[in-house]
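**Student:** Numbering (the numbering used here), first residue to last: 1 to 274.
Backbone N, C-alpha and C define an ideal beta-carbon position, used for all residues, glycine too.
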């Protein structure tokens, strides 16, 4: 089950131990099995977007006080070691990694207890930096209407996923057009738009992951999310926490000792406020 560990360093230790023992190790990042994620990945891998220019994503998961109070450990630094990012947000962060790879930097604005009486995060605006583009991500557990949306803008195509559909627009290379066109605007550029049905869930996610795990053990089928892959989401989480707390951009991977110090500070502050 996600996350792969409390810290990225812990996740690496677990992954290395699995490798040394030569055992099959998979983490339950089941969003990798849903149609819209795999369709977007196929479009990226096929080069449909050309050069990726920017990405924006939004994911909200409404959680009530009753949810947070279901267990003493929930939504605490001392029990869960964080809030939204280390819980619901892990699936979102893994999806970003699955589609675009590992970011090189992060600049995060994180709200700790924005609308809740706890000290963990319940809302985050995060900018992940890649070579040549950024991924702007918004996540929240305080908005009632659920949202799952992603927009990928490339030099040759733009895709918007929302509510079970991908709207894909293809056009001439925008970078080349900007450099060579004698026109002042793009109003006369022709582009084609189509809608692709691509559900955000099927109800078979867990079964697919477990069947894949069993098949890997029995016949060596490649895992959907091997343990080593799962380190990325917790690394992206740890780095975002550090960035949000210190209010500065952080280079990935973050310093593991600095993160341990941060975590201890948050736990101590939480306990002293009880």
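#1: Apply the 10 Å Cβ neighbour rule to residue 72 and answer buried if 16 or more other Cβ atoms are within range, or exposed otherwise.
#2: Have a look at residue 86 and residue 176 and give me their C-alpha separation to the nearest angstrom.
#3: Relative to the alpha-carbon of residue 115, which residue among 125, 142, 216 has its alpha-carbon at the smallest distance?
#4: Could you name the residues that DSSP lists as bridge partners for residue 160?
#5: Given a cut-off of 8 Å on the beta-carbon distance, is the pair residue 26 and residue 226 in contact?
#6: What three-state label does DSSP hand residue 244 in the structure shown?
#7: Using CA coordinates, which residue listed in 243, 268, 264 is at the minimum distance from residue 111?
#8: Under a three-way DSSP split, which group does residue 57 fall into?
#9: With 8 Å as the threshold, decide whether the Cβ of residue 159 is near any Cβ in chain C.
#10: When the distance is taken between beta carbons, is residue 129 closer than 8 Å to residue 155?
#11: Determine the direct distance from the alpha carbon of residue 153 to that of residue 7, and round the result to whole angstroms.
#12: At which residues does the alpha helix (DSSP H) containing residue 175 begin and terminate?
#13: Where DSSP assigns a beta bridge to residue 139, which residues make up the other side?
#14: Provide the residue(s) that pair with residue 197 in DSSP beta bridges, ordered along the chain.
#15: Among 273, 172, 274, 267, whose alpha-carbon lies nearest the alpha-carbon of residue 78?
#16: Identify the continuous beta strand (DSSP E) that holds residue 110 and give its terminal residues.
#17: Does residue 130 come out as helix, strand or coil in the three-state DSSP assignment?
#18: What's the C-alpha gap between residue 222 and residue 274?
#19: If you compare alpha carbons, which of 30, 3, 16 is closest to residue 212?
**Tutor:** In terms of the structure at hand:
#1: exposed
#2: 41 Å
#3: 142
#4: 151, 167
#5: yes
#6: helix
#7: 243
#8: strand
#9: No chain C is part of this structure, which consists of one protein chain only.
#10: no
#11: 32 Å
#12: 174 to 180
#13: 59, 124
#14: 165
#15: 267
#16: 105 to 112
#17: strand
#18: 47 Å
#19: 30
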